[in-house]
Each structure stands twice: as structure tokens, then as C-alpha cells.
Ligand code: HEA
Ligand code: HEA
Ligand code: CUA
Ligand SMILES: [Cu+2]
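Residue numbers (the working numbering), protein chains in the order written: chain Y, 1460 to 1662; chain X, 5 to 323; chain B, 24 to 561.
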């Protein structure tokens, strides 16, 4: 009886989260629309500019995020089985990888600043073409916005780990919470999986 | 409605007449389609007033065929008007070839007009009656919109791209010409007059206007003074394409695409040279964004157009 | 059951209000804050109308006037009309109507209100710091590179309030899916719930696009990191596409809830089930969906391709059909009804009339050749005020009169109600009908300096606005009065159907003693009970 109510509450919460994710997708959808438009307006310059980006670093970051998603998935599984330790481990691993992602991103920005690729840190005349400037503007905005999402995600994961640890969140009843945060993290990951080709590999 | 119109605006073109007819037709349709609502609701409100005896026997509360019919009939009715108005609209995108070409530049908060002969005017546009006129619109800063109520015409003026507006004004007179797109502080006073004159008067007016050479001639001067000729001139040592015979021709680009050298292309070549680099040439042309105003660019384009039929010098293009 | 303490009595401390998670109390919080912003926006409108009395610029400078209508538009759209019906009546009624104790996420609901207030504070900050001068449409490059008002702050305000919209919409969708009481199938939902559901879909899916667009403007303005900058080969039209991709669906956010309200009012007034329930319910969803496909009709002269224009024009005609279905169905509902001319119904009638005029002129605007002439003229201004003010605001007041006894437990003075409905209707038409003529004659919008020929019509319009303004003040006076002196309202003062009328007025804190079960379609009026309605009316 009680767990029936529990299950309904879980479905309700998840549904709410899915809707929120839908709105997040529309948010980035706007950016993808812009990317498409720039690509159609200035095919060559966009490709040229995207060639200058460090797709190696980007690829590395993709791997990092995918692994973190795996960690989160494991955490969720552990949570449903009521294994606090496993849950905490998974969450912390994911959070750690998230931090790693941000670190890599920071390094990448640094390189781009030195190579006079990053708008806002580079005089307008330093770009090889105006359209390249436009594209890199988009690159900066998109990746920065995504980084903000990663940061939020890391905060959520860490906070959750902490609560499970201090058993402020008894498992498996609290598993829903883990699941919700997990969903958010997966989305952050998926968005990157789309951003990466659109920004780095538009050849 | 038409009488009302004459106190401002008036009808200065055949197109204006057509739009008014279309509008009146639409107004009639709107009345027709809303009549059931406006008549029946008050009528029912009285007839079936609560407590008032009336035959209320077997009142239906659903009927699919009713639903379908009042979904379909109005829609089909509007479709007829859709075809009509879309036809009119598409005409606006097909200026006749022989149309008199005038340039307009919108900038906060004034209109500059250039006639082919080089006559320039501000916030006033003189055109001959009975002759198609096509206005090429450029913006120096934000989006403006050239709106002449008497012509029932309006076209946004978008920075970075040329838009066009064409019309044949047939009734001489002076009509309001305003900016319809909000463009900042003095948007409300960014206006002037459209002066439609008989061809004779227009010719006389052109005479009266002092001008230092035709638009193309002024362009030629800029071409020298701004240093274009330094690279594009026959004598130049820089490896730059000759601009003779360029206009209207296909241009192979460095990236393999081929574009036609229309006004927009010429403009971009001057203000965003890196955007489309002509094949076989180094991308050394500097941008002239901070040097040339849109009006200068239009003059240069007029000049380059005037070279359309000239033969490229020996050597020709390298592509 | 009546001995149960009502949600109003349940705690009187300020804290008990500011920390409540009761959807009914949150509805009241919204009602108060939204009313406040309505008067701020109204004050701006008053300034506009006063300035337009004369052809010259006397009351305000050009800058001042631009700031006035920008603030008017921003406040009225994002801080009054969009949240108006959903966040007040939606909040109060959806759980009651579907037989639930609250929304799915009560705490989130309270959070949305705080977010709304935060956004509101930003807007007031904009106002205090001298306003913003871009128009509510924030077109680039004007907004991103040229305007000198507080664009960033205004964008932030709208960005923030957007989150409130998203969370509210999300809350409604989940609630309708998960918390319907036993027997409350989709086919038995009150039509108001259907329209709130459709609205919420748009809120969740369209609002984020506006958010990102505002982010892009802010980035360009703050750091010169811009994707629209024409000097770099960027495209100002790209901005317009993004903005209208949100803002056209947003106009249906502003009207769908009203359409839902009217279905309720009409059915109650006629003592009959709404004609063609399925079609009326379905048309809400149809409007929500097709509404996403017509944004380009705002850009017919902006320089978009003529083929795009032709398509958008066609789709704009298609989106009119479901609206038509609703209007004609309401008419059919009244046929052979038992119609009581109570204030709610008078408001409903004026809604229908004004919405039809507004909608029909929308149809005319959708016709390409005509729009080329009337785009950005007062014809457009009149069009959308007919729908948004004549339509939605009338529906808002209709809802206010209809559910006031339920919300406050007090009966309202019917005579005054009827009077204000009539005054608002007359004042409104006097204000905005002349603007159709002005527009077709070529009076551009966002002008406060205009040719003298137009003065007569402008004076008429301003005169109407003062009538309208006072008429809007009227209800607030007698509704406040009724709080003290109005007689206690019975649970079902209008003799209506629907679960919200089965509970006492005002409803107890947890709505239902035990959750109700529903065993039939909505709007089941026994045909013969027609006449005893007067009994309830005193
Ligand atoms: C609540 C707000 C709201 C609503 C519901 C609508 C509804 C509609 N609007 Fe409107 N509109 C605005 C708010 C709204 N609009 C605003 C704010 C602007 C200006 C923005 C700005 O620039 O600042 C605008 C501008 C605007 C334009 C651009 C004008 C311009 O700038 O040049 C167009 C053009 O197509 C348009 C069309 C329509 C259409 C076709 C509908 C349709 O949905 C109407 C459907 C309703 C009916 C048709 C009436 C009832 C139907 C019948 C009685 C049945 C018979 C009819 C048929 C079936 C054909 N609107
Ligand atoms: C969405 C809701 C909404 C509402 C409810 C209104 C309500 C009103 N609007 Fe507004 N309006 C818009 C949305 C709305 N408007 C939008 C989006 C624009 C476009 C902005 C832009 O171009 O960017 C616009 C633009 C607009 C213009 C065009 C300005 C221009 O282009 O130059 C005008 C001109 O008449 C106008 C008038 C009015 C009037 C008279 C009311 C009346 O209904 C208001 C009546 C209410 C009151 C008057 C309040 C009552 C209280 C009092 C009277 C006391 C107030 C205090 C003092 C007087 C000090 N509006
Ligand atoms: Cu230029 Cu308005
Ligand atoms: Cu629209």
C-alpha cells in the first residue's frame, strides 16, 4: 500500500523532471537553430573557424562526460538496491568527472585565448573573417552555457552524495531523488554530445 | 473608406486601389463570418432568457456535421482571399527591368535618396509619375522601414542586406513618407515626403538639382580617391581581379562555389571582402566598413555596374 | 463538512501567507501582485494616451515616450497578461476542478511565485533607473548595439519571470496527468482545465526559446559577443525568427486560458452543457500546436523570402479555424438555454464579441498584400488590444466575478457587476475602434508626433481610455466592499456544475473531505431545473 503511493509519487516526480528537461532541450534548441543559420549563411568561414578548434580536447571531454553518465547510472542502480556506499561512490565519481570536464574546458579556453580565438578576450580584427568571429561567438556562448549546466550538475551530485552519506536521505526510498539528479546529468551529457559535432566537427 | 483615405495618404498608385478593394472585400468577409455570432448571441440571450417561457424541447449538444461545416466553410471562404492577396504580394517582388533605379539609405534618423543622375536629396523623394521606380534600400545602422501610406507599401531596411521596393505612382502630388520600424529616439520624426511629378516636371527638377556627375561618375571618383584603383586599376601591381565586365556575371569563388555578381555581392565584397573571396586571388582586400558609408558603397556599385559591358584589360581574370 | 476551517481562516499571520504551499493562497498572492502590475502598466498606458492627445510632443520627450510604451508592453505582457488567468484562477481552480488536494508540486508552486516577484522587482528597477527604449520586441541591432536604456536589466527581468512560467506550466501538466480524482477521465475534464493544459504545453516548450534569445542579446550587449551583428555578416532577421517563434505561441498563452474561462461561463449562464465538448477541447490543443507554425506572419515586410511569407500566411488562416470552432460552439450552446444575464455572462458576451473582432482583423493582417500596408500601424495595435484587452482582460474580469464568491465566500453586488461590464465594453470600443481607422490611414505605431489630421481619432481614443481606466477601477472598489459587507455566499451561488462548486465557499484548506469520485460527463444540467436559478440570486 505504502509503496504503491511511493511508486505514484516517483512517477509524478519523474514526469515533472522530464518536462523540465524538455524545456532545457528547447533552450539549447535555440542555439542549435543559430548554429544552423550561421552554417547556411557562411559555409566556408564556419568550417574554417571550426577547424581551428581543438577537437582533441573536445573529444576527451566527450569521453569524460560519457563515463560520468555511466557512473551516475551505477549510482542510481545502487540507490534502488539501497546500497548507500555504492550510491555515494557513483555520485562522487560523476561529480569528480564533471569537475574534470570543467578543468579541461578551462584549459581549452586558455589555449584559445592564446591563439586569439576566444571572443571577448580577442580584438575583433584578430579573427580571420567576420563570419568566423560570429561562429566563435556562438561557440563561446554555447559552451559557456553548457559549462554553467555542468557546474549546477556537479553541485547537485555532490550535495546528493553528501546527503546520502549522512543518511539525510534514507535509501532506497530516496532513490527517486538520485534518479532525478541522474536524469539531469544525462541531459547535460546528451546536450554536449550534440554540441560537440555541431561546434567542432562541422566539416 | 476611400474618401476617408484622401485626407492623409490618398491613393497614389493602381496598387493602392487594388489593396483597398482587397481590404474592403476582407472587411465584408469578416462581417459575414462574424454575423452569426453577433446576431444569434444577443437574440438567444433575449429569447431564452432564464425564466422566460420558450420552446426548449430537445436541444442538441453535439452535431459533427455542424462542427465540420463551420470549420470548413469559413476556411474555404478565406482561401479565395488568400490567393488574391498572395498574388498582389508576389508582384511586389518582381520589379520590371526598365524601372527607374533609385537608392535610399536609412540612418538614425533620416532618409538619403540618390538618383541615377547623381542628384541626392534628404527626407524627400522625387519620382516621375506613370513610370515604374525601384528603390534599393540600405541601412547605415539599425532596422528602419520605408513606408508610403499613399502607395500602401512598406519595406523594412535591414542593415547588412539590400532590400527593394518598387511602385508606379500615377497621381502627381506630395505624399507622406515615414519610417515604420521602431529605430530609436527620433523614430517618430524620421519622415518626409514622396513627391510624385509629371515626367516633364521631374526632368526639370533633376535639372535644377546641382550634381557633381552621375552616380557612376561619383563612384569612379571614389574608386580613385579611396584607393580601389590602386589594386583594381589596370596599372596596379597587386594581383586583384579587374572589375570590368564583372557585374551580373558568374564569379567563381575560392571555395569552389559560383555566385552571380549582383548588388549584394558587390556590397559584401567591399564591406566584408573575406566573406566571399574570388577564385585565383589572394584575400588581401581590406574591409572598407569604417571608411565608406552605405551611400558611398552604392555609388561604387553604380560605377562597377557601369563597367558591366566593358572588356577586361589584357590578361583578364585569373580563375 | 462546513465546520471545517476555510483556507482563508487557516492562519492569519503574514508568515502563514508568505510560506504557504496551499494552491488557493498562492493564487491570492498572484492575484494581488498581478493586479499591482496591471495598474503600473495601466499608468504607462495612461501616459501614452495623454501624450497622444496632441500631434506635437508635449507631455513627454521622444525618449520618454519610447520608454513609456516599451514598459507598458513589457509589463502588460509578461507581468500581467501571461500570468493573469493561469496563475490566479488556474492555480485556484485546477486542483478543485479535477478533485485534487493541491497541485503536484506545491512547494515548486510557491517558488514560482517568488521567482515571479523577483522578476517583478527587476522590472521595477528598470522603471526606477529610467526605463528601457527598445519596444517589447527588443529587435536587434537596436537593442544589442544602439539603445541606451537598461536593456540588460529588462532582459534579466523577462528571463527570470520566464522560469516562473515554465515551472507553473510544468506543475499544471503533471497535476492534470497525475492527480485527477477517480472517474475524472480526460473526456470529463472541465474545458477550463483543457485550456490550461494546452497553455501549459506552450509555456514549457516556447518560453525557453525566449530565454536563450535574451541571453544572446545580453551577451552581445555586455561582451560584444554577438551572433546577430550585421557588421560581421550576422543576420538581424535571425533574431526576429527566434523572438517570434516564442512570441506567437505566447499570444495563445494569453488567450487560451480566457477561451477556457468563457466555456465555463457560457455553459453556466445557459444551464446547458457546452455544445460539441470534444471539438471545443480538441481545438485548444489544435491552437497550441498550429500556433507554433505561424510566427513568420510578423515578418512579412522584414525581408524574409516571399515563399516563406506565403506559407506563414496560409498557416495563419489555418490557426483561425479552431478559434472559430470555439466561438460558433458557444453560440450553439446558448441555443435553447436558460440564460441568466449575470455579470459573468455579460463579460463573456463582451469577450466573444471583441475576440471575434480582434481575431477577424488578425485574419486580415495575415493577408500578405494588406499586411504590407498596415504592418507596424495602429491597425496592429487595435488588433491585439481587441484580443488581449477586449478579450482576455474581459475574460479575466468575468472569471473574477464568477469565482469571487467561491474564492472569498462573499456574494458580490450584481447590479454593479453588470454596470462595470457594460462600462468596460463601451470604454474599450471607444478606445480601440478608432485605432483600426487610424492604422489603415497610415498612422504608424510607436509614434507620439503625428500629422494633425489624425488628432480627432486620437482624442476619441484617449477619451475612451479614460472611461476604460475608470471602468477598470470600478470592480476593485465594490469587490473590496463585498469582502466586508457582502452577504455570505452559498457553495454553489450560480447553480453551476463542476467539483469546485461542491465544496463550501471559501473552500476548506484541503479542498475535499475525502476525494470525490466522478461518474459522468461535465456540465450535466437537469433540463427542468432551469428556472429555480433565481433563488440563488437574492
Ligand atoms: C492574445 C493575443 C493574440 C491572439 C489570440 C492573436 C490571434 C491572431 N493574430 Fe495576432 N497579434 C498579437 C496578439 C494576438 N494575436 C500581437 C500582440 C501582435 C503584435 C505584436 C507586435 O508586433 O507588437 C499580433 C500581430 C499579428 C500579426 C502581425 C501584424 C503585423 O505586425 O504586421 C498577424 C498577421 O498575420 C496576426 C494574426 C493573427 C491571427 C490570424 C490570429 C488568430 O489566432 C485569430 C483567430 C480568431 C478568429 C479568426 C476569430 C474567431 C473566428 C471565427 C468567428 C470563425 C470564422 C473565421 C475563420 C475560421 C476564418 N497577429
Ligand atoms: C498585454 C496586455 C495589454 C494591455 C492590458 C494593454 C492595455 C492598454 N493599452 Fe497597450 N500595448 C500592449 C499590451 C497591452 N496594452 C503591447 C504589447 C503594446 C506594444 C508595445 C510596443 O510597441 O512595444 C501596447 C501598445 C499600446 C499603444 C501603442 C503605443 C505606440 O505604439 O505608440 C497604445 C496606444 O494607445 C496602448 C494603449 C493601451 C490602453 C489605453 C490600454 C488600456 O486597456 C489600459 C486601461 C487600464 C488602465 C488605464 C489602468 C486603470 C488605472 C488607472 C486609470 C489609474 C492609473 C494611474 C494613473 C493614470 C497615474 N497600448
Ligand atoms: Cu527609422 Cu524608425
Ligand atoms: Cu502572431
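Here a beta-carbon is modelled for each residue, glycine too, at the ideal position from N, C-alpha and C. In this text the structure is predicted, and so the values were computed from the model without any measurement.
query = Around the C-beta of residue 97 of chain X, are 16 or more other C-beta atoms found within 10 angstroms, so that it is buried, or is it exposed?
reply = Under a 10 Å Cβ-count criterion, residue 97 of chain X is classified as exposed, with fewer than 16 other Cβ atoms of the shown protein chains found around its own Cβ.
For this session: Look at the Cβ atom of residue 185 of chain X, then the Cβ atom of residue 92 of chain X, and state whether they are nearer than 8 Å.
Result: No, they are not a contact pair.
> For residue 412 of chain B, is the beta carbon positioned less than 7 Å from some heavy atom of ligand 2?
Replying inline: Yes - ligand 2 has a heavy atom lying nearer than 7 Å to the Cβ of residue 412 of chain B.
Discussion item. As an exercise, report each continuous alpha helix (DSSP H) stretch of at least 4 residues that is fully enclosed by the stretch 371–458 of chain B, in chain order.
Written reply: Note on the stretch 371–458 of chain B: whole alpha helix (DSSP H) runs with a minimum of 4 residues are 391–397, 401–408, 417–431, in chain order.
TODO: List in chain order: all unbroken beta strand (DSSP E) runs of 3+ residues lying wholly within the stretch 74–141 of chain X.
DONE: 104–111, 114–118, 124–126, 128–132, all fully within the stretch 74–141 of chain X.
| query | Ordered along the chain, which non-local residues of its own chain (more than five positions away) have a Cβ less than 6 Å from that of residue 1487 of chain Y? | reply | The residues 1650, in chain order, have a CB closer than 6 Å to that of residue 1487 of chain Y in the same chain once the five nearest residues on each side in sequence are set aside.
In the DSSP assignment, find the unbroken alpha helix (DSSP H) run with residue 245 of chain B in it and report its ends.
Start and end: 214–246.
Check whether the stretch 235–243 of chain B touches the stretch 172–180 of chain B, counting contact only when three or more Cβ pairs, one atom from each stretch, lie closer than 8 Å. Because the criterion of three Cβ pairs below 8 Å is met, the stretch 235–243 of chain B and the stretch 172–180 of chain B touch.
Worksheet item: Is the closest heavy atom of ligand 3 to the C-beta of residue 194 of chain X under 7 Å?
Response: At least one heavy atom of ligand 3 is nearer than 7 Å to the Cβ of residue 194 of chain X, so yes.
| said: Just to check my reading of the structure: residue 187 of chain X and residue 165 of chain B have Cβ atoms closer than 8 Å, yes? What is that Cβ distance to the nearest angstrom? | reply: Indeed, because the Cβ distance is near 6 Å, the residues count as touching under 8 Å.
| Can you list, in chain order, the residues of its chain whose CB lies under 7 Å from that of residue 389 of chain B, leaving out five sequence neighbours each side? | The residues are 320, 336, 339, 340.
Report task. Could you name the residues of the stretch 267–290 of chain X whose beta carbon sits closer than 7 Å to any beta carbon of chain Y, in the order they occur along the chain? Result -> Per Cβ criterion, the list reads 276, 278, 279.
- Query: Applying the criterion that 16 or more other CB atoms from any shown protein chain within 10 Å of the CB defines a buried residue, is residue 408 of chain B buried or exposed?
  - Reply: With 16 or more other Cβ atoms within 10 Å, it is buried.
So, is the C-beta of residue 89 of chain B closer than 8 Å to a C-beta in chain X? Closer than 8 Å to some Cβ of chain X, the Cβ of residue 89 of chain B qualifies, so yes.
*Within the same chain, show all residues whose beta-carbon is closer than 6 Å to that of residue 316 of chain X, passing over the 5 residues directly before and after it, in chain order.*
The beta carbon of residue 316 of chain X sits closer than 6 Å to those of 246, 248, 249, all from its chain and outside the five residues before and after it, given in chain order.
| request: Please decide whether residue 24 of chain X counts as near chain Y, where near means a Cβ-Cβ distance under 8 Å. | output: Cβ-Cβ to chain Y under 8 Å: no for residue 24 of chain X.
As assigned by DSSP and simplified to three states, the class of residue 159 of chain X: When DSSP states are grouped into helix, strand and coil, residue 159 of chain X belongs to the strand group.
- Task: Count the other C-beta atoms from every protein chain shown that fall within 10 angstroms of the C-beta of residue 79 of chain B, then say buried if there are 16 or more, exposed otherwise.
- Result: Its Cβ having fewer than 16 others within 10 Å, residue 79 of chain B is exposed.
(Q) Within 8 Å of any Cβ in chain B, is that where the Cβ of residue 192 of chain X sits? (A) Yes - at least one Cβ of chain B is within 8 Å of the one on residue 192 of chain X.
Just checking: is the beta-carbon of residue 1485 of chain Y within a distance shorter than 8 Å of some beta-carbon in chain B?
Yes - at least one Cβ of chain B is within 8 Å of the one on residue 1485 of chain Y.
So residue 1537 of chain Y packs on residue 1641 of chain Y, CB below 8 Å; how close in whole Å?
That pair is no contact at about 11 Å.
For this session: Kindly identify the DSSP beta-bridge partner or partners of residue 511 of chain B.
Result: According to DSSP, which records beta bridges pairwise, residue 511 of chain B is partnered with B/433.
Quick check: does the Cβ of residue 408 of chain B come within less than 7 Å of any heavy atom belonging to ligand 2?
For ligand 2, at least one heavy atom lies less than 7 Å from the Cβ of residue 408 of chain B.
Assigned exposure category for residue 171 of chain B - 16 Cβ within 10 Å defines buried: Classification for residue 171 of chain B: exposed.
What I want to know is whether the C-beta of residue 159 of chain B ends up closer than 7 Å to one or more non-hydrogen atoms of ligand 6. Judged by which ligands are present, ligand 6 is missing from the structure shown, whose ligands are ligand 1, ligand 2, ligand 3 and ligand 4.
Check the Cβ-Cβ distances between residue 184 of chain X and every residue of chain B, and say whether any is below 8 Å.
Closer than 8 Å to some Cβ of chain B, the Cβ of residue 184 of chain X qualifies, so yes.
Just the Cα atoms here: how many angstroms apart are residue 67 of chain X and residue 417 of chain B?
-> Straight across, the Cα-Cα distance linking residue 67 of chain X with residue 417 of chain B is about 29 Å.
Cβ neighbours of residue 130 of chain B in the same chain (closer than 8 Å, five flanking residues each side left out):
The residues are 44.
- [ ] Answer yes or no: the CB of residue 389 of chain B versus the heavy atoms of ligand 1, is any distance below 7 Å?
- [x] Inclusion of residue 389 of chain B in the 7 Å shell around ligand 1 follows from its C-beta lying nearer than that to a non-hydrogen atom of the ligand.
Practice task
Work out the CA separation of residue 429 of chain B and residue 25 of chain B for me, nearest whole Å.
Solution key: Confidence at residue 25 of chain B is low in this model, with a pLDDT of 46, below 50, so the placement of that residue is unreliable and no value is reported for it.
Residues of its chain near residue 178 of chain X, where Cβ-Cβ distance is below 6 Å and the 5 sequence neighbours each way are ignored: These residues qualify, in order along the chain: 197, 199.
_For residue 151 of chain X and residue 398 of chain B, the rounded distance between their alpha carbons_ = Whole-angstrom Cα-Cα distance: 10 Å.
- [ ] Could you check the C-alpha separation between residue 14 of chain X and residue 154 of chain X for me, to the nearest Å?
- [x] One C-alpha to the other measures close to 5 Å.
Within 10 angstroms of the Cβ of residue 278 of chain B, are there 16 or more other Cβ atoms? Answer buried if so, exposed if not. So residue 278 of chain B counts as buried.
Taking just the CA atoms, how far does residue 413 of chain B sit from residue 1656 of chain Y?
Here the C-alpha atom of residue 1656 of chain Y lies approximately 49 Å from the C-alpha atom of residue 413 of chain B.
Exercise. Looking at residue 49 of chain X and residue 364 of chain B, is the spacing between their C-beta atoms short of 8 Å?
Worked result: Taking 8 Å as the Cβ cut-off, residue 364 of chain B and residue 49 of chain X qualify as a contacting pair.
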